[in-house]
Amino acid sequence: MARGHETVLPDEAGYAASVRRATLFLGLLYQFMQFVISSTLWAFLGYDPIAIAPITLILMLNGTLMSYAMAVALFRFRGRSILFKLLLGSALALVAAAINASVDLLSHGLIEHGDPGPINWTNVGYTLIYCMALFHGWAFLYIALLANYELRERERRLAVTREEALTAQMRALRYQVNPHFLFNTLNSIAGLIEEGASTTARRMVLSLSSFLRTTLELDPMQDVCLADELALQLGYLNIEGERFSDRMRVKLDIAPGLEQALVPSLILQPLIENAIKHGVGGSIGVVEIVIRAARQGETLELSVENDMANEPPRPANKPAGTGTGLRNVADRIKARFPEVGAFISDLVAPHRFRAAITMPLRLV
Numbered sequence: 001m002a003r004g005h006e007t008v009l010p011d012e013a014g015y016a017a018s019v020r021r022a023t024l025f026l027g028l029l030y031q032f033m034q035f036v037i038s039s040t041l042w043a044f045l046g047y048d049p050i051a052i053a054p055i056t057l058i059l060m061l062n063g064t065l066m067s068y069a070m071a072v073a074l075f076r077f078r079g080r081s082i083l084f085k086l087l088l089g090s091a092l093a094l095v096a097a098a099i100n101a102s103v104d105l106l107s108h109g110l111i112e113h114g115d116p117g118p119i120n121w122t123n124v125g126y127t128l129i130y131c132m133a134l135f136h137g138w139a140f141l142y143i144a145l146l147a148n149y150e151l152r153e154r155e156r157r158l159a160v161t162r163e164e165a166l167t168a169q170m171r172a173l174r175y176q177v178n179p180h181f182l183f184n185t186l187n188s189i190a191g192l193i194e195e196g197a198s199t200t201a202r203r204m205v206l207s208l209s210s211f212l213r214t215t216l217e218l219d220p221m222q223d224v225c226l227a228d229e230l231a232l233q234l235g236y237l238n239i240e241g242e243r244f245s246d247r248m249r250v251k252l253d254i255a256p257g258l259e260q261a262l263v264p265s266l267i268l269q270p271l272i273e274n275a276i277k278h279g280v281g282g283s284i285g286v287v288e289i290v291i292r293a294a295r296q297g298e299t300l301e302l303s304v305e306n307d308m309a310n311e312p313p314r315p316a317n318k319p320a321g322t323g324t325g326l327r328n329v330a331d332r333i334k335a336r337f338p339e340v341g342a343f344i345s346d347l348v349a350p351h352r353f354r355a356a357i358t359m360p361l362r363l364v
């Protein structure tokens, strides 16, 4: 966001303070090196370093003040183009060089002779050229410093923007779970009511209320232990068990030590929901649902398998079990773990469907 010729950055105070600290350090270092080099040159030309030390110190202090004045002006116009800043830096360097050359002339005359004395224009010209080179070097060095900080600030802002976008995407995907689950569960309750099983439907409504209260309290961006995720899913399976208890068998196959692995909250919900809808709901016999967790090197693999009813072959472009719920899982995993995460779903036997998630293994 622009304000006049300035660029207003997020956390402006912190950004400006960081640049000020770097400017202070760089300015002192630059002028100190100039002091050392000029003193060495004067000594090489036969001047007594002790005798000219007051003059050199005055020039160093004045050069430091000029350098910081230039830095303030350049920082104020940091939002302008690089060409503008180079031209501005050059103009400021000319002004600073003229001032510093004048101070040099006066300090030499007053300290060495007690009065300015006659002006040696040749020496003034040499001094002016030296000061122009000195302050041009400082101006361009400071512009490079600003460019470096601006680049780092843009990278930080881009990282923040990406994080905010990922958070929004993850929240949107996560919040798809509850409406999708609620729709299917309410259909199950409606089915129980149509069948006249009002007592079972009442228990299912109470279980649904408890389950939704628990899931709505979860932070969509906060991971949970696999043990807690499984506890939530068993609560959901108990809800569906009110309707399918005679045809649904649930088996857990969790490798030792993986109960404390971190997983996105409700990541198994659509997989189990899919198993019930297309497995239990589409069969007349007993259907086994197997929930597995296994370690594959440094990755965690979660899978849900279920038996399926005999169905006519599906079109090649419409495989079984790729509805909203499974797409939701695939999108969440891709967004959260773009490098390592993966989701696959397919038949592992003629009448056996498997959906599997791969993600980095992270233990509490």
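Under the UniProt record's numbering, the first residue of the sequence shown carries the number 1, and numbering increases by one thereafter.
By construction, the Cβ of each residue, glycine as well, lies at the ideal position given by its N, Cα and C atoms.
Which of the three DSSP states is assigned to residue i in this structure?
i: PRO264; result: strand
i: ILE284; result: coil
i: ARG80; result: coil
i: PHE337; result: coil
i: GLU298; result: coil
i: ALA147; result: helix
i: MET359; result: strand
i: VAL95; result: helix
i: GLU305; result: strand
i: VAL364; result: coil
i: GLY14; result: helix
Between which residues of its own chain and residue i is the CB-CB distance below 6 Å, once the five residues before and five after are set aside?
i: GLU195; result: none
i: ALA316; result: Residue confidence is low: ALA316 scores 39 on pLDDT, short of 50, so the model does not pin down where it sits. Its coordinate-derived value is still stated next. Contacts found: none.
i: THR127; result: ALA101, ASP104
i: ARG362; result: LEU262
Let me check understanding here. Comparing Cα to Cα, which of the options lies closest to residue i?
i: ALA349; options: VAL329, ALA309, LEU266, ALA330; result: ALA309
i: ALA342; options: VAL364, ARG352, ARG362, LEU302; result: LEU302
i: ARG247; options: ARG354, SER38, VAL287; result: VAL287
i: GLU339; options: ILE239, ILE193, THR358; result: THR358
i: LEU266; options: ILE99, ASN62, ALA139, ASP228; result: ASP228
i: GLY27; options: ALA69, ARG295, GLY46, PRO54; result: ALA69
i: ALA201; options: PRO54, ASP104, ASN187, SER81; result: ASN187
i: LEU146; options: SER81, ILE55, LEU61; result: SER81
i: VAL19; options: ALA71, SER38, ILE55; result: ALA71
i: LEU230; options: ARG213, LEU258, PRO360; result: LEU258
i: ILE55; options: SER107, TYR130, LYS334; result: SER107
i: SER67; options: LEU226, SER283, ALA139, GLY281; result: ALA139
i: GLY63; options: ARG295, ALA17, LEU29; result: LEU29
By Cβ distance, which residues of its chain are closer than 8 Å to residue i, with the 5 residues on each side in sequence left out?
i: PHE84; result: PHE77
i: SER207; result: GLY235, ASN238, ILE239, GLU242
i: ALA73; result: LEU88, LEU92
Going by beta carbon distance, what residues of the same chain come within less than 7 Å of residue i, once the five residues before and after it are set aside?
i: ALA355; result: LEU271, ASN274, SER303, VAL304, GLY321, LEU326, SER345
i: LYS334; result: GLY341
Could you check where the alpha helix (DSSP H) with residue i kicks off and where it finishes?
i: VAL205; result: 198-216
i: ARG243; result: 226-244
i: LEU252; result: Premise fails: LEU252 lies in the beta strand (DSSP E), 248-254, not in any alpha helix (DSSP H).
i: ILE272; result: 269-275
Under DSSP, the beta strand (DSSP E) around residue i begins and ends at which residues?
i: LEU258; result: No beta strand (DSSP E) contains LEU258, which DSSP labels as neither H nor E.
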